[in-house]
Each structure stands twice: as structure tokens, then as C-alpha cells.
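First the structure, in the form of C-alpha cells, and then the observations on it.
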Amino acid sequence: MVWIVNILYNLVRLYSFILVVYALLSWFPGAYQTSFGQLILRIVEPVLKPFQRFNLQFAGIDWTVLVVIFLLNFVSGIILNALLLLA
1 MVWIVNILYN LVRLYSFILV VYALLSWFPG AYQTSFGQLI LRIVEPVLKP
51 FQRFNLQFAG IDWTVLVVIF LLNFVSGIIL NALLLLA
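Each residue of the sequence shown is one higher than the last, beginning at 1 in the numbering used here.
Next comes the structure, spelled out in C-alpha cells:
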């Protein structure tokens with residue numbers, strides 16, 4: 001059971017890293033038009049799209065990625081702790 005928790009934990013970390021890469025790509029004009037940028041978009045857009053409805057832009061910064069990373073880590077922490085308790 002512990003190895004499942006380890007795999008899930010690492011997947012959440014990897015996805016969080018991909019979200020950070022997505023945010024960093026926004027600093028470079030045309031970065032989303034590259035093949036790498038398109039790959040990142042296909043990975044993160046399904047998760048970000050529902051949160052972009054809430055208009056999480058304050059002080060000229062889009063906080064959607066940060067909110068998604070926070071929620072992803074919060075929910076995964078609850079699930080992983082529950083799995084560890086069941087083991």
C-alpha cells in the first residue's frame with residue numbers, strides 16, 4: 001500500500017511541476033505555440049479550465065495556477081493520509 005501512496009505522491013509533484021512550467025511559459029511570447037508549449041497546454045488545460053471561470057486575477061496576475069496547485073496538494077494530502085491510515 002505504501003508504494004501506491006508513493007506513486008500518487010510523485011504524480012502530484014510532477015503535475016505541480018508541469019503547472020509551474022505552464023505559468024513560466026506565459027512570460028515568453030509565442031511559447032505556447034511551440035510543440036513543447038502545446039504539450040503542456042494539453043496536459044494542464046483540462047484542470048485549469050474550470051477554475052478560469054472564477055476570474056482569479058488580482059493586481060494584474062492570474063492566480064489560477066497557484067490556486068490549482070494549492071487545491072491539488074491539499075486534496076492529495078487528505079487522500080494520501082487516508083490511504084496510509086488504511087494500510
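All residues carry an ideal CB built from backbone N, CA and C; glycine is no exception.
Between residue 56 and residue 63, the C-beta spacing is below 7 Å. By the Cβ-count criterion, residue 40 is buried, with 16 or more other Cβ atoms from all chains shown falling within 10 Å of its own Cβ. With contacts defined as CB atoms closer than 7 Å, residue 5 and residue 80 qualify as a contacting pair.
Around the Cβ of residue 75, a 10 Å sphere holds fewer than 16 other Cβ atoms; the residue is exposed.
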